[in-house]
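Numbering (my numbering), first residue to last: 623 to 982.
Beneath this line is the structure, given in structure tokens, with notes to follow.
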């Protein structure tokens with residue numbers, strides 16, 4: 623690796639400059655906007671969506687430059703030097719690095735690996751990558767923690783949860799069902815979201831009530847907990863909230879008046895609504911990893927990657943089927959240990975591949 627930008631980026635920069643007839647720095651948005659203005663084209667930004675509608679020969683190389691530049695900045699020479707050793711990507715995982723208990727990584731961008739970089743993740747000769755991604759995990763967690771009989775029945779199947787919800791509440795419209803379920807979990811409760819939530823509430827009242835109550839508790843400054851007891855941070859000032867990772871709205875002027883909540887209290891409510899689900903999902907994930915490590919003990923297989931609801935195991939070809947079975951069994955065990963005996967299942971979509979990019 624060299625100190626300068628890669629050759630392909632330099633070539634694309636030259637193509638952009640040639641199209642404008644003068645030297646232009648494609649990595650400087652202000653320079654690009656000025657160049658288009660001099661060409662008689664007014665743009666407000668260099669975002670892909672805006673550039674896609676512009677008829678100018680500089681657009682194709684500029685878009686390709688922006689795509690490759692983002693990869694180079696996040697996963698370029700410095701990334702290789704800092705995080706890749708002996709042919710292995712070695713990020714620093716921080717268990718329970720967020721207030722909800724989710725794992726994070728310290729540097730390396732392990733939780734946002736672009737597909738083009740995944741192409742470089744290849745199993746050793748004679749080995750495979752078993753890539754397992756939990757299917758619709760958070761909605762299934764909501765079913766388990768709410769104890770809603772109808773929602774648990776839906777989540778008790780290993781088939782598409784959103785399709786099953788759509789058949790019960792949205793006349794078979796899967797996209798609408800997905801928006802409604804995720805809206806209930808993440809707090810999209812205005813406009814069309816409110817209409818969708820009402821339809822969801824009619825068919826799955828206890829599930830929706832569970833997150834609604836968490837949201838009310840958050841708005842009122844009360845504490846909420848995950849299924850295994852992880853407690854959300856208490857309400858505090860802006861500094862404390864920002865440190866805890868709680869979203870805050872812009873400052874508001876004046877008294878909101880009786881019976882009305884401020885944007886900040888609503889943000890706190892959305893945080894609490896999601897906390898009980900995402901945090902309980904993190905509880906389940908901890909136990910999944912523990913169960914999987916135990917089942918892999920004695921095998922040559924290595925648990926090499928984890929992010930939220932995805933695991934990757936590197937194993938000899940002959941162990942791949944056993945590893946896939948171990949992941950399924952560990953998921954079932956984690957479900958029982960976390961939530962007790964419920965009909966809810968936590969299935970995985972599993973792929974046995976030589977290259978990580980081929981798994982999805």
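Note that CB positions come from ideal geometry on N, CA and C, so glycine has one too.
Is there at least one non-hydrogen atom of the ligand COA closer than 6 Å to the beta-carbon of residue 932?
The ligand COA is not among the ligands present in this structure, which contains no ligands whatsoever.
Does the Cβ of residue 781 have 16 or more other Cβ atoms within 10 Å, making it buried, or fewer, making it exposed?
exposed
Residue 846 beta carbon less than 7 Å from that of residue 760
no
Where do the N-terminal and C-terminal ends of the alpha helix (DSSP H) with residue 886 fall, by residue?
885-918
Give the single residue among 838, 956, 935, 725 whose Cα lies nearest to the Cα of residue 745.
935
Taking the alpha carbon of residue 651 as the reference point, which residue from 641, 673, 630, 662 has its own alpha carbon closest?
673
Backbone secondary structure at residue 728 - three-state DSSP
strand
Can you tell me the Cβ-Cβ gap for residue 828 and residue 740, rounded? I've got them flagged as a contact below 8 Å.
At roughly 39 Å, the Cβ-Cβ gap does not stay under 8 Å, so residue 828 and residue 740 are not in contact.
For the candidate residues 901, 662, 729, 792, whose alpha-carbon lies nearest to that of residue 766?
901
Residue burial classification, residue 716 (beta-carbon count within 10 angstroms, cutoff 16)
exposed
Do the segment 775-789 and the segment 972-981 make contact, defined as three or more Cβ pairs closer than 8 Å?
no
For residue 853, the residue or residues it bridges with in DSSP
847
For residue 964, which residues of its own chain have a beta-carbon under 7 Å away from its beta-carbon, when the five flanking residues on both sides are left out?
766, 774
The beta strand (DSSP E) with residue 642 in it runs from where to where?
Counting along the chain, residue 642 falls outside any beta strand (DSSP E), though it belongs to the alpha helix (DSSP H) covering 629-642.
Using the three-state DSSP reduction, which class does residue 755 fall into: helix, strand or coil?
strand
Which value, in whole angstroms, describes the spacing of the CA atoms of residue 820 and residue 801?
12 Å
Whole angstroms is fine: what's the gap from residue 640's alpha carbon to residue 675's?
20 Å
For residue 933, which of 949, 918, 942, 941 has the nearest alpha-carbon?
949
Given that a residue counts as buried once 16 or more other Cβ atoms are within 10 Å of its Cβ, and exposed if not, what is residue 848?
buried
Between 857, 855, 804, which lies nearest to residue 833 when the distance is taken from Cα to Cα?
804
Looking only at its chain, what residues have a beta carbon closer than 7 Å to the beta carbon of residue 952, apart from the 5 residues adjacent to it on each side?
910, 913, 914, 917
Would residue 757 pass as a contact of residue 971 if the rule is Cβ separation under 7 Å?
yes
Out of 737, 682, 809, 750, which has the shortest C-alpha to C-alpha gap to residue 895?
809
Residue 925 - containing beta strand (DSSP E), residue span
924-929
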